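Student:
There are 4 protein chains.
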Amino acid sequence: MSNIELNDKKIQILEVAEKLFSEKGFEGTSIRDISKIAKINVAMISYYFGSKDRLLESLIIYKTSDLKLKLENLLQENIEPLEKVNKLIEIYITRINCNKGIFRVLHFELNSKEREKSMTAFTELKKGNLKSVESIISQGQAKGVFRKDVIIPLITPTIIGTFFHFHMNKPFFVELLNLNTEELYDNYIKTTLKKHIQQTIKALLVYEN
Amino acid sequence: MSNIELNDKKIQILEVAEKLFSEKGFEGTSIRDISKIAKINVAMISYYFGSKDRLLESLIIYKTSDLKLKLENLLQENIEPLEKVNKLIEIYITRINCNKGIFRVLHFELNSKEREKSMTAFTELKKGNLKSVESIISQGQAKGVFRKDVIIPLITPTIIGTFFHFHMNKPFFVELLNLNTEELYDNYIKTTLKKHIQQTIKALLVYEN
Amino acid sequence: MSNIELNDKKIQILEVAEKLFSEKGFEGTSIRDISKIAKINVAMISYYFGSKDRLLESLIIYKTSDLKLKLENLLQENIEPLEKVNKLIEIYITRINCNKGIFRVLHFELNSKEREKSMTAFTELKKGNLKSVESIISQGQAKGVFRKDVIIPLITPTIIGTFFHFHMNKPFFVELLNLNTEELYDNYIKTTLKKHIQQTIKALLVYEN
Amino acid sequence: MSNIELNDKKIQILEVAEKLFSEKGFEGTSIRDISKIAKINVAMISYYFGSKDRLLESLIIYKTSDLKLKLENLLQENIEPLEKVNKLIEIYITRINCNKGIFRVLHFELNSKEREKSMTAFTELKKGNLKSVESIISQGQAKGVFRKDVIIPLITPTIIGTFFHFHMNKPFFVELLNLNTEELYDNYIKTTLKKHIQQTIKALLVYEN
DNA sequence: AATGAATGAGTGTTCATTCAT
DNA sequence: CATGAATGAACACTCATTCAT
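Line order of the protein sequences matches chains W, P, B and X. Residue 197 in our numbering sits at position 197 of the first sequence; the count goes up by one each step and never skips. Residue 162 in our numbering sits at position 162 of the second sequence; the count goes up by one each step and never skips. Residue 182 in our numbering sits at position 182 of the third sequence; the count goes up by one each step and never skips. Residue 116 in our numbering sits at position 116 of the fourth sequence; the count goes up by one each step and never skips.
Set out below in structure tokens:
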């Protein structure tokens, strides 16, 4: 919240940082790389964000702040539980797909480091997400449309994990499925991959052995 | 393949490298860190493997060579398709869980770099895996026990992705599920998480809307 | 002399600068440190003084301008030569003890730099001091109470040097002599250290082999 | 003691470091300055000494290690107390005069910083010195040739302080006393200044009011 | 008159790698 | 065959200063 004052240059830096972090990792990206592409002075980054670490923190906060909002709105909607789950998946896919870069950094770099602050922000986000999922599934279970023996905290790993594993192996799937342009790739995510995840979660929630 | 002559010291270096890479990332690990823990000279690594980059390549080839074998054996077994799928998942879980370190590195570092050689080795591995999955599911579809509209190349992302997303967020789930010891964590993977994935894939493959 | 127009903010900066320079040295103090403590803008210092170097010059001129005074009065007093020497020592001790900070800076930073201007001011001060000492000792020699073979220009080094060496090794003597509070330390200087110096100079001036 | 293995290059670095530290202070000297003059790589300094701070530590240990020895030898000599004091002063003068550079750094930079280790090494040196002085003076007091009311811990400040104050004001005294060449200056220290200090301390120790 | 934004030069340090032995 | 010594390049970061307003 402290970094809410984001002027154009700060945003420009954050965008470049996201791109490079996602391409080359956090450690693999130097602030010189960032400053060169963002066409700003090296010192600007320390000046604006304090340090490279705090740049990452700001990036996380900047990029994750509205996901929370969308989920909260979803919870209020008056629709069938299954449809809610599908919409949840759609939000995840869309949102994360737009921020592939930062989410990649989040998952890979964050867990192995002692980045207290950004860690906390990210943990809170995850807790919020889990609560949303729990709430939606409980509704469905109460209505008798969802089975009761699903392990709720593992739903999100399946949704996001599927997406991520696909994305992390982008070159592999691009070749396998002939997704030669960025558009084709994005389309595949928004249609086929989304459908697959929705189908999977629906089956898991509804199917009775 | 050129690095197939692995003496004790090379193996020792590889083991240490895996540990450190998985803990601190590739960029976050210096060859001095490795040499210190492996109790060998700094120059040894460049001497043995040529460069830090080629050390990673060797590590990947060294660690992925036997997964292929296990899958091929599974295909030959004469058991029900569903059981085969469950066994496949078990192999994945077990195998990857044992090699959490290297798989983490694989997913992280590999895609963002231009590592032709190790990339190729890894791609071949993935192609093999996909073929195994295709083969097993086709059998089940032929027998009429699996539905026909599943998107087979996305099965593996769901299996491995679920596992990985769980593992990448280890600290979060450790806190959430009180998996305070390494044993509890590993047990949770081998029982509950495995069950969840098997349940998910089964539902996906069997359930008809 | 050009910086004689000292408004409140300039004085505030100079006071903070003296404190920090004496504590952490000139190089060890950043203008950001100064500006933070003095609660003024970083640019103010360059704006007011031109540069960090010129800030030091201004500081020296500001602090040494009133240092002269008291010795001239002492010379006029109609008291015994030995008492005059004791009073001289007392003035030195008191005066320098009050200005420990700037004196430390003066001795340390000044000689290694090419600060023509502030150097000159300081040299003039030292010449004046020497003249006073010469005058007092000559009186004593004329009266036959002081021996004639003392090297007068080395009297001041003994007086001030003893004090300074003690002060420069403050932590050592604080521990050795249990001068744990600032009051104890200051008291020791005003009583025991002063007595020691007076005793020393008296012996030097009076004792005949 | 840990840095006892000093090869030629290490010594070369230490010599250059001493020169520069004494000329421009510790903070005012960059390791690039040192490396340039010593004609070694910048990285060598970190490589050999670990850090700039530890370079200073090594320098201190390197330069002070034999002073201790000389003092210990002095204590064993079977000569008159007064002669011992004079020899002590001579050792100080000679020794410190040879290492003006490092001693300047020691007194100026060391006390204001948190250099635990070098601080400790230096404190031990000072304690040793004090013990030597105490021992010598006690002998003289026991023999009845030294008065008993001198404040022993303040003897060293007078000896070294006089020398230092003279040296710190070198330009002033060079002009005042026409010590235009380095030889004249050094000669003055070794003869007149030394004599002055010996005379002063003798008077202090022997003279009875 | 005063300042926040911005900068280039410089800081100490670490890096993977090379080389002489 | 193996290694300690050495290196140049790069690292994140801080510095005093300047500039537009």
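Ideal Cβ positions, reconstructed from N, Cα and C, are used throughout, including at glycine. A quick note: this is a predicted structure, and the numbers were derived from the prediction, not measured.
Find out if the Cβ-Cβ distance for the pair Ile210/X, Tyr207/X is shorter than 9 Å.
Tutor: Chain X is shown from 1 up to 209; residue 210/X falls before or after that span and cannot be answered.
Student: By the criterion of Cβ-Cβ separation under 7 Å, what are the contact partners of Ala203/P in chain W?
Tutor: By Cβ distance, chain W contributes Ala203, Leu204 and Tyr207.
Student: Alpha carbons only, please: which of Asn178/W, Ile31/W and Ala142/W is nearest the one belonging to Tyr47/W?
Tutor: Residue Ile31/W is the option with its Cα nearest to Tyr47/W.
Student: Looking only at its chain, what residues have a beta carbon closer than 8 Å to the beta carbon of Arg147/B, apart from the 5 residues adjacent to it on each side?
Tutor: The residues are Gln141, Leu205, Val206, Tyr207 and Glu208.
Student: Could you round the C-beta distance between Ile45/P and Leu55/P to whole angstroms and report it? I think they count as a contact, below 8 Å.
Tutor: Yes, they are in contact, since the Cβ atoms of Ile45/P and Leu55/P sit about 6 Å apart, within 8 Å.
Student: With a threshold of 8 Å, are at least 3 pairs of Cβ atoms found where one atom belongs to the region 67–80 of chain W and the other to the region 127–138 of chain W?
Tutor: Flag = yes, the region 67–80 of chain W and the region 127–138 of chain W touch.
Student: When you compare only the Cα positions, how much space is there between Asn3/B and Gly101/B?
Tutor: Confidence in Asn3/B is poor, its pLDDT being 42 and thus under 50, which makes the residue's placement too unreliable to answer from.
Student: So, under 8 Å CB-CB, Ala121/X and Leu59/X are touching, yes? Tell me the CB distance rounded to an integer number of Å.
Tutor: Their Cβ separation, rounded to whole angstroms, is 10 Å, which puts Ala121/X and Leu59/X out of contact at 8 Å.
Student: Using a Cβ-Cβ cut-off of 6 Å (strictly less than) and excluding sequence neighbours within five positions of Lys84/X, which residues of its own chain qualify?
Tutor: Closer than 6 Å at the Cβ level, and outside the excluded window around Lys84/X, lie Ile136.
Student: Is any beta-carbon of chain W found at less than 9 Å from that of Leu130/P?
Tutor: Cβ-Cβ to chain W under 9 Å: yes for Leu130/P.
Student: To the nearest angstrom, how far is the alpha carbon of Ala38/X from that of Lys52/X?
Tutor: One C-alpha to the other measures close to 15 Å.
Student: Does Gly144/X have its Cβ less than 9 Å from a Cβ in chain B?
Tutor: No, Gly144/X lies away from the interface with chain B (no Cβ there is under 9 Å from its Cβ).
Student: If you reduce the DSSP assignment to three classes, tell me which class Ser30/B lands in.
Tutor: In this structure, Ser30/B counts as coil in the three-state DSSP scheme.
Student: Of the residues that make up the region 15–41 of chain B, which ones have a beta carbon closer than 7 Å to any beta carbon in chain X?
Tutor: Answer in chain order: Glu23, Lys24, Gly25, Glu27 and Gly28.
Student: Under the rule that 16 or more other beta-carbon atoms within 10 Å means buried, what is Glu124/P, buried or exposed?
Tutor: Classification of Glu124/P: exposed, given that the 10 Å Cβ count is below 16.
Student: Skipping 5 residues on each side, what residues in its chain have a beta carbon closer than 7 Å to that of Phe166/W?
Tutor: Counting only Cβ-Cβ distances below 7 Å, and skipping sequence neighbours, we find Phe173 and Leu193.
Student: Which residues in chain W have a C-beta closer than 7 Å to the C-beta of Pro157/P? List them in chain order.
Tutor: Going along chain W in sequence order, the residues near Pro157/P (Cβ under 7 Å) are Thr162, His165 and Phe166.
Student: In angstroms, rounded to a whole number, what distance separates the CA positions of Glu15/W and Lys87/W?
Tutor: Looking at the two C-alpha atoms, the distance is approximately 27 Å.
Student: May I ask you to report which of helix, strand or coil DSSP gives Leu184/X?
Tutor: Residue state, collapsed to three classes: helix.
Student: So which residues of chain X does Pro153/B contact, with C-beta pairs closer than 8 Å?
Tutor: Within 8 Å Cβ-Cβ: Phe173, Leu176 and Leu177.
Student: Under the three-state reduction of DSSP, which class applies to Gly50/W: helix, strand or coil?
Tutor: Looking at Gly50/W - three-state DSSP - the assignment turns out to be coil, as it is neither helix nor strand.
Student: Here's a check: name, in chain order, each residue in its chain whose Cβ is nearer than 8 Å to the Cβ of Gln139/W, leaving out the five neighbours to either side.
Tutor: These residues qualify, in order along the chain: Pro81 and Lys84.
Student: Quick check on Ile197/W - is its C-beta less than 9 Å from some C-beta in chain P?
Tutor: Yes, because at least one Cβ of chain P sits closer than 9 Å to the Cβ of Ile197/W.
Student: Determine the direct distance from the alpha carbon of Asn7/W to that of Arg95/B, and round the result to whole angstroms.
Tutor: If I take the Cα positions, the gap works out to 53 Å.
Student: Excluding five sequence neighbours on each side, which residues of the same chain lie with their C-beta closer than 6 Å to the C-beta of Phe103/P?
Tutor: Within the same chain, Phe103/P has close Cβ partners Ile96.
Student: Taking 9 Å as the CB-CB cut-off, is Val150/P touching chain W?
Tutor: Answer yes: the Cβ-Cβ gap between Val150/P and chain W drops below 9 Å somewhere.
Student: Might you give, ordered along the chain, the residues of its own chain that have their beta carbon closer than 8 Å to the beta carbon of Leu184/W, omitting 5 neighbours on each side?
Tutor: Closer than 8 Å at Cβ, skipping near neighbours: Asn178.
Student: Examine chain B for any beta-carbon lying closer than 9 Å to the beta-carbon of Thr192/X, and answer yes or no.
Tutor: Yes, because at least one Cβ of chain B sits closer than 9 Å to the Cβ of Thr192/X.
Student: Counting only C-beta atoms, is Asn169/X closer than 9 Å to chain B at any point?
Tutor: Chain B contact via Cβ: present.
Student: Taking C-alpha atoms, which residue in Lys195/X, Ile61/X, Gln198/X and Val42/X lies nearest to Met119/X?
Tutor: It is Ile61/X whose Cα lies nearest to the Cα of Met119/X.
Student: Taking only three categories from DSSP, how would you classify Asn73/P?
Tutor: Helix at Asn73/P.
Student: For Thr123/P, would you say it is in contact with chain W, using Cβ-to-Cβ distances shorter than 9 Å as the test?
Tutor: Answer yes: the Cβ-Cβ gap between Thr123/P and chain W drops below 9 Å somewhere.
Student: With a threshold of 9 Å between beta-carbons, can Thr200/B be considered close to chain X, or not?
Tutor: It does; some Cβ of chain X falls within 9 Å.
Student: Determine the direct distance from the alpha carbon of Pro171/X to that of Asp33/X, and round the result to whole angstroms.
Tutor: Taking the straight line from one Cα to the other gives about 25 Å.
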